[in-house]
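Residue numbers (numbering that gives the first Met the number 0), protein chains in the order written: chain A, 0 to 427; chain B, 0 to 427.
Here the structure comes first, spelled out in structure tokens, and everything after it is commentary.
Protein chains: 2
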Amino acid sequence: MKKVGVAILGLGVVGGGTYKILKEHRELYQKSHKIDIVVEAVLERDIEKAVALGVEREKVAANIQEICSNPDVDIVVEVMGGVEPAKTFVLDCLHAGKSVVTSNKELFCKYNHELEVAAKKNHCGLFYEASCVGGVPVIRALLDNLQGNKILSMIGIINGTTNYILTKMSAEGVSYQEVLKEAQKLGYAEANPTADVEGYDAAYKLSILSSLAFHTKIPFSKIYREGITEISVTDIEYGKKFGYVLKLLATGKNGDNGIEVRVHPAFIKNSHPLASVNDSYNAVYITGDCVEDVMLYGRGAGALPTGSAIVGDIIYCATHSNYQYSTFKNTAEASPSTKFIENFESAYYIRLNAADKPGVLAKVSSVFSKCGISVAQMSQEGQTGEDGCVPLIFITHTTRENNVKKAVSLIDASEDIAKVAAVIRVVE
Amino acid sequence: MKKVGVAILGLGVVGGGTYKILKEHRELYQKSHKIDIVVEAVLERDIEKAVALGVEREKVAANIQEICSNPDVDIVVEVMGGVEPAKTFVLDCLHAGKSVVTSNKELFCKYNHELEVAAKKNHCGLFYEASCVGGVPVIRALLDNLQGNKILSMIGIINGTTNYILTKMSAEGVSYQEVLKEAQKLGYAEANPTADVEGYDAAYKLSILSSLAFHTKIPFSKIYREGITEISVTDIEYGKKFGYVLKLLATGKNGDNGIEVRVHPAFIKNSHPLASVNDSYNAVYITGDCVEDVMLYGRGAGALPTGSAIVGDIIYCATHSNYQYSTFKNTAEASPSTKFIENFESAYYIRLNAADKPGVLAKVSSVFSKCGISVAQMSQEGQTGEDGCVPLIFITHTTRENNVKKAVSLIDASEDIAKVAAVIRVVE
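Structural data, given as structure tokens:
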């Protein structure tokens, strides 16, 4: 039986999950794939943590060189996260002829070019299914199933923490700050939640996924990014009245005029399949010119779901000998011919605090009209507040981002009309 | 640039779709994958049909031997359907050293062993993503993504025709016969709809999918099969009151006591992700011991969605040189060690036409109790009919299939209690 030696760099949540799966399923893989996968080494500063997991003390490596020079190690699993030292370690392993399986979205998003060049040069495999959307098989679907399509669009709920927070805010009417605190207590959000709540994590993943989907490098820097920290329960509740659910959406579109890539909160119709993706579940909704609509749904994070993706890559790597490269056309930057659209089209939800006096609606309408915004629905909500203002909500027809920015600044600049309380994009 | 010659056997719906995709996307694949895919031959009796699609007259082959001996053909796409002559043709092509991409679920379900042996012997690729659930990437997900899991269960809506019919019946309250007629008119159902409405098509697919999921051959003959022809709008409507949606489900479970595989109509909670899979959309809901729940959703049939899966396989075949075999352990029959469970566990919806007189409920309850059936919910619906009977509906707790069969025969045998009007399994 073929022996496959694995080293794991980092025994955090995902590394620990991967170790556990490999250990408990060793016999299963002997039967199912006729391979004997053995964890030959781990790199983990906290030796006692490794030992507590069941790792033999002598298998805890002192440094990356020990792993690179270990002839029993065939495949290295990098689950450390962050750019350094992960990048140096991965390159060291590739140069030493080890194949690499990584869950590191930031590293792969930023340095895939360098890593792929090194993998190819050294005839090693480089696999990253676990970098995006945990156990959901979206990378391979784009690479090996949907690659015959022109992918027209991709809308994803691809960050578990923010989806958990928004689901809770919507279900319980509790504020962002309160839900965040609870999520941190439960371990669903990090002590420093910035990467999740500000949309960085989703943007790394969108960079990787849209590069695959659109067959051209989509750098992180080209992705418009807006987080969920400013979202209020008030707007989630008003949205419900219009039949909308609020989600942090990662959107990639490949149209005739160029590519648009953006991560921001958005309202989506409650009948859309993505609307019922709740809690820490994730999903990617892909539209191709042949396949029409496909949705891939599941656990986007967690020790065992992400471990499932890593182990899938390990088995694939161990049972295939021809590795594919150039999945991102091996460029570090976007091709100069790729056109990016920043002034994208969308429908919008706009909430105003309007003075409750005659003529206000006419003035607002006139601003909208001047900016090329056509209103699809309008609603005056509730009673006049102590400030003499009343909430006015508009749902616009599809218009351009810059039109809305202009309207917002005109309304805000007017002393006597209204103040803009919230602007949220709406998926039509 | 690498040239890839393709032959298409059969220019029906899927063959025509595949031809169209390859022709229109030729330049796209030159750019995205650096391969030039050209349809070098088609096998189609109706030459004018081929010509109308745009095939040059000289590329319409007179017989399979012309294709086998054509050195320009690298990959043969078999989209004829049915066992013969498809099986002979596929074997001929494999023996001639051509790789094969097929959408033929009946052929692959019944003869995968023979085909895989021939492919391996001749160092050819054999791909069948299009055989199950059209454009939804479920085969490769099971083979290359989720293969590190012990798959515990798989529930699929994997037949578009029946899902269309059941969705219509539920939405419009129209009878099976009426909706079938309409579906036939619209081309959603065949003139002879047996393969779809009696569950054969779903059972072929379940055989293929569960063989992959459970890493052991699951023959068609082991699959319990029941179609939708007896389903009445009455039960769909009553089911709604209990929060259920009726679907034709293909279920595979791999438990400690053995494997169960079955295709039958079933009620599923309207909050389950599968409940909102409507019309001709399909989905497979997979639960693995690591990945937890994953759902893959999309178009399960149609010229372009199924063509998308075929073209995905063609590109994969053209860009990978090491083919994998033994995906079904290369056995023709189930391994003797595989235990199949026929007396499976389920909850049940049981509708009785009960005599509207004292003591009836006590007698029914006594039968249920004697048969080991515990009732979770009970409801008496509507008024006493002209026959002096009233509908009684029971939702049972989980029990065994044989318990319900016994109860049904006891109730039906009793002259004075009630008649069993419907029994439908319920997914808990």
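In this text, a Cβ means the ideal position worked out from N, Cα and C, and glycines have one as well.
Report yes or no: is there a C-beta of chain A within less than 9 Å of the C-beta of Glu171 of chain B?
It does not: the Cβ of Glu171 of chain B has no partner Cβ on chain A nearer than 9 Å.
Spatial neighbours of Arg117 of chain B within its chain, please: C-beta separation below 6 Å, excluding the five flanking residues on both sides.
According to the sequence provided, residue 117 of chain B is Ala. The question's Arg does not apply to it. For Ala117 of chain B, where only same-chain residues beyond five positions count, the Cβ hits under 6 Å are Leu90, Leu93.
Inter-residue Cα distance where the pair is Leu205 of chain A and Phe107 of chain A
12 Å
Residues of the region 283 to 301 of chain B with a CB closer than 7 Å to any CB of chain A: list them in chain order, please.
Gly287, Cys289, Val290, Glu291, Asp292, Val293, Met294, Leu295, Tyr296, Gly297, Arg298
Can you tell me which of the three DSSP states Arg350 of chain B falls into?
strand
Mind reading off the beta-carbon distance from Tyr187 of chain A to Thr193 of chain A? Whole number of angstroms is fine, and I expect it under 8 Å.
About 15 Å separates the two Cβ atoms, so there is no contact after all.
For chain B, find out if any of its Cβ atoms is closer than 9 Å to the Cβ of Ile46 of chain A; answer yes or no.
no
Report yes if the C-beta distance between Ile313 of chain A and Arg261 of chain A is below 9 Å; otherwise report no.
No, Cβ-Cβ distance for Ile313 of chain A and Arg261 of chain A is not below 9 Å.
Rounding to the nearest angstrom, what Cα-Cα distance links Gly80 of chain B and Leu273 of chain B in this structure?
28 Å
So Asn321 of chain B contacts chain A; which residues on that side make the cut at Cβ distance below 7 Å?
His319, Ser320, Asn321
Please identify the residue among B:His396, B:Asn352, B:Val173 whose C-alpha is closest to the C-alpha of Cys388 of chain B.
Cα-wise, what sits closest to Cys388 of chain B is B:Asn352.
Is any heavy atom in the ligand FMN found nearer than 8 Å to the beta carbon of Glu344 of chain A?
Absent from the structure shown: the ligand FMN. Ligands present: none.
In terms of residues, what are the limits of the beta strand (DSSP E) holding Ile267 of chain A?
257 to 268
Please name the residue in A:Glu113, A:Phe126, A:Tyr110, A:Gly311 whose C-alpha comes closest to that of Ser98 of chain A.
Answer by Cα proximity: A:Phe126.
Are the C-beta atoms of Asn148 of chain A and some chain B residue less than 9 Å apart?
yes
Comparing C-alpha positions only, which one of A:Lys58, A:Ile157, A:Glu115 sits nearest to Arg298 of chain A?
Minimum Cα distance to Arg298 of chain A is reached at A:Ile157.
So which residues of chain A does Leu27 of chain B contact, with C-beta pairs closer than 7 Å?
Lys149
Glu65 of chain B and Ala85 of chain B closer than 9 Å at C-beta:
no
Quick check on His32 of chain A - is its C-beta less than 9 Å from some C-beta in chain B?
yes
Min CB distance Arg261 of chain A to chain B below 9 Å:
no
Spatial distance of Ser408 of chain A from Ile258 of chain A (CA atoms):
27 Å
Establish whether the CB of Glu128 of chain A and some CB of chain B are separated by less than 9 Å.
yes
Quick one: is Asp411 of chain B buried, meaning 16 or more other Cβ sit within 10 Å of its Cβ, or exposed?
exposed
In whole angstroms, give me the CA-to-CA distance for Leu245 of chain A and Leu165 of chain A.
7 Å
Among the residues of its own chain, which have a CB less than 8 Å from the CB of Val196 of chain A, if the five just before and after it don't count?
Exclusion of the five residues before and after Val196 of chain A leaves Thr160, Thr161, Ile164, Leu179, Ala188, Gly226, Ile227, Thr228 as the residues of its chain whose Cβ lies within less than 8 Å of its Cβ.
Taking only beta-carbon atoms, is Asn144 of chain A less than 9 Å away from chain B?
yes
Could you name the residues of chain A that Ser307 of chain B contacts, counting a contact when the two beta carbons are closer than 7 Å?
Leu145, Gly147, Asn148, Gly287, Cys289, Val290
In the DSSP assignment, the alpha helix (DSSP H) including Met168 of chain B goes from what residue to what residue?
159 to 171
Distance between Lys240 of chain A and Ser220 of chain B (C-alpha atoms, nearest Å):
52 Å
Count the other C-beta atoms from every protein chain shown that fall within 10 angstroms of the C-beta of Asn144 of chain B, then say buried if there are 16 or more, exposed otherwise.
buried
Exposure of Ala361 of chain B, with buried meaning 16 or more beta-carbon neighbours within 10 Å:
exposed
Assigned secondary structure, Ala95 of chain A (DSSP; H/G/I helix, E/B strand, else coil)
Note: Ala95 of chain A maps to coil in three-state DSSP.
Return the residue from the list A:Gln183, A:Ser275, A:Tyr243, A:Tyr175 that minimises the CA-CA distance to Ser434 of chain A.
Only positions 0 to 427 of chain A appear in this structure, which leaves residue 434 of chain A out of reach.
Indicate the three-state DSSP secondary structure (helix, strand or coil) for Val310 of chain B in the structure shown.
helix
Ala249 of chain B and Gly155 of chain B closer than 9 Å at C-beta:
yes
Give a yes or no on whether the minimum CB-CB distance between Val135 of chain B and chain A is below 9 Å.
yes
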